[in-house]
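Numbering of the sequence shown is given in my numbering, commencing with residue 47 and proceeding in unit increments.
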Amino acid sequence: QPDKLAVAFKEKKVTYKELYERICRIGSFLSSELGIRKNDRVMFTALSKPETVAIYLGIQYCGGVVIFADKNITPENALSLYEDSESVLYITDKPMKGYEDKIRLYSLKALYGCDESVDIMDYQMPEPEDMAEMLFTSGTTGKAKGVVLSYKSVINILTNTMNGIGIREDDRELIPLPLNHSLGLRVMRAVLYRGATVILQNGFVFAKEIEENQKKYECTGLVAVPASMEILRGQMQDMFVPVMSRFRYIEVGAGSLMLEQRKRLATQLPDTTIYNTWGSSETGGALFINVSEAVREGRHMDSIGKPLPHIQVKTINENGEEIAATHDAPGRLTLKGDMEMMGYWKQDELNAQTFSDGWLLTNDLVYRDEDGYVYMLGRADDIINVGGEKVSPIEVENIASEYEYLHECACIGIEDPEKIQGQVPALFVVADDARYSEEDIRRFLAGKMERYKLPQKYILLDKIPRNRMQKIDRKELHRIYREDSDDLMNPVIQAILTRKSTRKFTGAPIPKKQLEMILKAGIQAPTGHNMQTWKFTVIQKEEIIREIREKVERVAKEHKVHFYGFDNPTCLILVSNDRRNANGCQDAACAAENMFLAAHSYGIGSVWLNPLRTICDEPEIRELLDRFEIPKSHIVWSMAGFGYPVANGSSPVRRMNVIKYVE
Numbered sequence: 047q048p049d050k051l052a053v054a055f056k057e058k059k060v061t062y063k064e065l066y067e068r069i070c071r072i073g074s075f076l077s078s079e080l081g082i083r084k085n086d087r088v089m090f091t092a093l094s095k096p097e098t099v100a101i102y103l104g105i106q107y108c109g110g111v112v113i114f115a116d117k118n119i120t121p122e123n124a125l126s127l128y129e130d131s132e133s134v135l136y137i138t139d140k141p142m143k144g145y146e147d148k149i150r151l152y153s154l155k156a157l158y159g160c161d162e163s164v165d166i167m168d169y170q171m172p173e174p175e176d177m178a179e180m181l182f183t184s185g186t187t188g189k190a191k192g193v194v195l196s197y198k199s200v201i202n203i204l205t206n207t208m209n210g211i212g213i214r215e216d217d218r219e220l221i222p223l224p225l226n227h228s229l230g231l232r233v234m235r236a237v238l239y240r241g242a243t244v245i246l247q248n249g250f251v252f253a254k255e256i257e258e259n260q261k262k263y264e265c266t267g268l269v270a271v272p273a274s275m276e277i278l279r280g281q282m283q284d285m286f287v288p289v290m291s292r293f294r295y296i297e298v299g300a301g302s303l304m305l306e307q308r309k310r311l312a313t314q315l316p317d318t319t320i321y322n323t324w325g326s327s328e329t330g331g332a333l334f335i336n337v338s339e340a341v342r343e344g345r346h347m348d349s350i351g352k353p354l355p356h357i358q359v360k361t362i363n364e365n366g367e368e369i370a371a372t373h374d375a376p377g378r379l380t381l382k383g384d385m386e387m388m389g390y391w392k393q394d395e396l397n398a399q400t401f402s403d404g405w406l407l408t409n410d411l412v413y414r415d416e417d418g419y420v421y422m423l424g425r426a427d428d429i430i431n432v433g434g435e436k437v438s439p440i441e442v443e444n445i446a447s448e449y450e451y452l453h454e455c456a457c458i459g460i461e462d463p464e465k466i467q468g469q470v471p472a473l474f475v476v477a478d479d480a481r482y483s484e485e486d487i488r489r490f491l492a493g494k495m496e497r498y499k500l501p502q503k504y505i506l507l508d509k510i511p512r513n514r515m516q517k518i519d520r521k522e523l524h525r526i527y528r529e530d531s532d533d534l535m536n537p538v539i540q541a542i543l544t545r546k547s548t549r550k551f552t553g554a555p556i557p558k559k560q561l562e563m564i565l566k567a568g569i570q571a572p573t574g575h576n577m578q579t580w581k582f583t584v585i586q587k588e589e590i591i592r593e594i595r596e597k598v599e600r601v602a603k604e605h606k607v608h609f610y611g612f613d614n615p616t617c618l619i620l621v622s623n624d625r626r627n628a629n630g631c632q633d634a635a636c637a638a639e640n641m642f643l644a645a646h647s648y649g650i651g652s653v654w655l656n657p658l659r660t661i662c663d664e665p666e667i668r669e670l671l672d673r674f675e676i677p678k679s680h681i682v683w684s685m686a687g688f689g690y691p692v693a694n695g696s697s698p699v700r701r702m703n704v705i706k707y708v709e
């Protein structure tokens with residue numbers, strides 16, 4: 047299907063014919079001009095763009111072994127990866143200042159656009175056991191491990207994904223995941239192998255981008271991780287169901303959906319099939335469950351899935367003996383199949399611990415039911431030993447997630463303060479601050495689990511720490527518990543860390559004195575050169591707020607300006623500033639933030655709405671602003687909604703890699 051769309055990213059579209067020609071040209075250029083030979087390791091920056099797909103397959107076209115580098119890798123880590131993998135070339139456009147003489151570099155853009163006159167080399171079909179690619183994963187020790195995949199592994203991994211999810215030739219799969227990670231990579235491979243279409247997106251940071259790609263490319267499938275589904279739900283609010291229900295299927299991998307998430311998604315999206323996949327870099331997706339079907343039938347709802355017919359699964363004890371594992375006596379998950387990795391790169395000792403008679407041993411403790419479905423209790427080193435009784439953190443999290451005022455939670459084992467049980471469970475929670483109470487959740491859990499499983503300590507957080515793929519970072523939770531930052535917490539810090547955006551309000555009035563204090567907090571914000579050229583326009587009449595929403599929504603849509611809107615705020619505050627003031631935007635932002643934090647301290651929700659900064663000079667909008675006596679010289683930098691929340695908003699995942707300490 048040469049003219050069919052193969053890969054797209056934003057406005058860039060590549061057909062199968064164009065992709066094929068690029069692959070051939072890139073592979074031939076690598077061979078003839080850069081001297082890449084069979085089995086040479088070639089490292090490259092894996093961007094979420096069509097260039098990545100073409101260069102990835104181009105490296106394999108000339109017999110090279112692909113080494114994936116994260117787009118955010120530092121020069122120091124790039125050198126380490128380059129040396130560890132024994133690469134001969136690094137294809138990137140990232141600045142490598144200070145390392146140019148240590149790494150052989152070539153431009154990614156230049157390679158993608160290499161000379162069309164290059165002679166196309168003949169493709170040599172590899173042997174099934176030839177090395178194809180290497181994925182580096184940090185693992186539990188923190189030491190990077192190179193997962194080596196053969197061509198046989200790759201073909202079986204992508205075939206398992208196609209069959210496990212039911213990818214069709216007419217599907218258009220949206221992949222907002224990094225392509226150097228096994229989940230995004232295996233889905234991308236499977237979609238192309240099926241002859242379907244890959245739509246790439248650079249992460250889940252902006253939910254609006256999901257909606258736009260869905261509309262533009264009529265996407266039928268989406269791949270996500272559990273935490274990203276919560277990010278989307280929090281950002282989209284009322285638009286979550288209308289947008290997500292347009293997908294034929296959604297595959298969630300790199301982690302298990304909590305039981306409450308499964309029930310909610312299956313109920314909210316009855317016409318979209320939800321899949322959850324268990325997999326790893328070492329095996330690809332190996333266990334699959336149709337969550338929608340499980341919830342509908344009320345069976346296997348908390349299972350991590352069932353292996354495909356040609357994947358063997360067994361459970362073993364600490365001595366490596368096969369056992370019939372149960373919930374109370376779980377075993378280590380062990381798999382066998384052609385999807386297995388070749389091994390870890392140059393780690394013979396680790397390989398000896400990982401493989402046994404062709405079986406690949408994992409560190410996951412599981413049991414199986416009579417239908418062959420597998421149930422996860424946790425990683426072996428995460429299981430909590432309470433006086434000899436084994437407690438699964440996942441089980442505690444699943445039960446706790448059904449408490450209505452909890453947004454997310456994570457369980458770890460801590461040393462028993464009474465020095466009796468050895469370990470006891472501790473539960474970190476992100477909750478609706480106005481309604482959550484420790485006493486209430488204790489009562490809730492006491493009626494749903496055995497006494498020894500009950501958390502003995504509750505720690506309130508603004509977010510659960512997660513790694514790059516949004517899995518719970520239990521090491522970080524242990525660090526947080528050890529350092530116990532309660533002594534640093536005060537009302538100001540707590541307000542900053544727990545404040546969330548609210549788009550649905552009850553309509554209950556805000557007391558006048560509290561509103562006046564919120565406005566006073568805004569006026570106390572810093573201003574550039576103390577100019578104070580701002581203006582705060584307060585609107586409380588329901589019919590005027592409704593009129594503003596309708597007009598802003600209509601004009602924003604006409605001009606393709608993002609506006610998710612709001613529902614029933616008690617008050618709108620328009621923060622405007624003189625456009626002649628070079629610091630007007632910053633002044634308004636500081637004032638808005640002060641008001642948001644002040645409101646949160648009173649239990650009042652708020653939301654930042656900023657379409658007016660773009661459309662405030664459109665005739666229909668300016669006429670409205672004239673009625674409010676907002677000067678024509680003013681730009682409305684912020685339209686802020688306030689009111690008591692129907693439910694607390696969810697916390698978006700904060701990227702912690704944006705901090706740099708200069709020594």
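Positions of the beta carbon are idealized from the N, C-alpha and C atoms, including for glycine.
Contact annotation: alanine 644 and isoleucine 564 have beta-carbon atoms nearer than 7 Å. Take the alpha-carbon of isoleucine 149 and the one of alanine 312: they are about 49 Å apart.
Along the length of the stretch 390-420, whole beta strand (DSSP E) runs at least 3 residues long occupy 405-414, reported in chain order. The C-alpha of threonine 323 lies about 11 Å from the C-alpha of isoleucine 296.
Per DSSP, the beta-bridge partners of tryptophan 324 are Leu333.
Of all alpha-carbon atoms in Val653, Gly649 and Val708, the one lying nearest the alpha-carbon of tyrosine 690 is that of Gly649. With respect to the 7 Å criterion, proline 174 and tyrosine 197 are classified as neighbours on the basis of their beta carbons. The alpha-carbon separation between lysine 50 and arginine 218 amounts to approximately 11 Å. DSSP places glutamine 358 within a strand segment (E or B) once states are collapsed to three. When the Cα atoms are used, leucine 238 and threonine 266 turn out to be separated by approximately 15 Å. For alanine 602 against proline 657, the beta-carbon gap comes to about 4 Å, under 8 Å, which counts as contact.
Annotation for asparagine 206: the continuous alpha helix (DSSP H) segment containing it runs 197-211. Sixteen is the threshold: since fewer than 16 other Cβ atoms of the shown chains lie within 10 Å of the Cβ of methionine 171, the residue is exposed. Cβ neighbours of valine 692 within its own chain (closer than 6 Å, five residues either side excluded): Lys550 and Thr552. By the Cβ test, the stretch 573-590 is in contact with the stretch 618-636, since at least three Cβ pairs between them sit closer than 8 Å. A contact is defined here as three or more CB-CB pairs under 8 Å, and the stretch 73-93 fails this definition with respect to the stretch 57-64. With 16 or more other Cβ atoms from the protein chains shown falling within 10 Å of its own Cβ, histidine 646 counts as buried. Per DSSP, arginine 218 lies in no alpha helix (DSSP H); the unbroken beta strand (DSSP E) holding it starts and ends at 218-221. Pairing leucine 406 with proline 376 gives a Cβ-Cβ distance that is not under 7 Å.
Using a C-beta cut-off of 8 Å, the stretch 366-386 makes no contact with the stretch 305-319, since fewer than three inter-stretch Cβ pairs fall below that distance. Taking the Cα of serine 447 as reference, the smallest distance to any Cα among Asp427, Leu473 and Gly434 is reached at Leu473. The Cβ atoms of glycine 418 and lysine 360 lie no closer than 7 Å to each other. Taking the C-beta atoms as reference points, glycine 433 is found no nearer than 7 Å to glutamine 393.
Residue range 439-446 is occupied by the alpha helix (DSSP H) that includes asparagine 444. Cβ atoms of asparagine 431 and glutamine 469 come within 8 Å of each other, at about 5 Å.
For aspartate 86, the CB contacts under 6 Å within the same chain, skipping 5 residues up- and downstream, are Gly110 and Val134 in chain order.
When only Cα atoms are considered, histidine 605 and lysine 566 end up about 34 Å apart. As a beta-bridge residue in DSSP terms, tryptophan 580 pairs with Asn623.
If you draw a straight line from the Cα of arginine 525 to the Cα of leucine 225, it is about 30 Å long. Non-local C-beta neighbours of lysine 140 in its own chain, meaning closer than 7 Å and more than five positions away in sequence, comprise Thr91, ordered along the chain. Note on glutamate 441: 16 or more other CB atoms within 10 angstroms of its CB, so buried under the neighbour-count rule. Under the criterion of beta carbons closer than 8 Å, asparagine 202 and aspartate 384 qualify as touching, at roughly 4 Å. Taking threonine 380 as the centre and dropping the five residues before and after it, the same chain places the C-beta of Lys360, Ile362, Trp405 and Leu407 closer than 6 Å to its C-beta, in chain order.
Residue Lys95 holds the alpha-carbon nearest to the alpha-carbon of glutamine 247 among Lys95, Lys261 and Cys631. Taking one beta carbon from each stretch, the stretch 241-258 and the stretch 337-349 have fewer than 3 pairs nearer than 8 Å; the two do not touch.
Per DSSP, the unbroken beta strand (DSSP E) holding glycine 687 starts and ends at 680-689.
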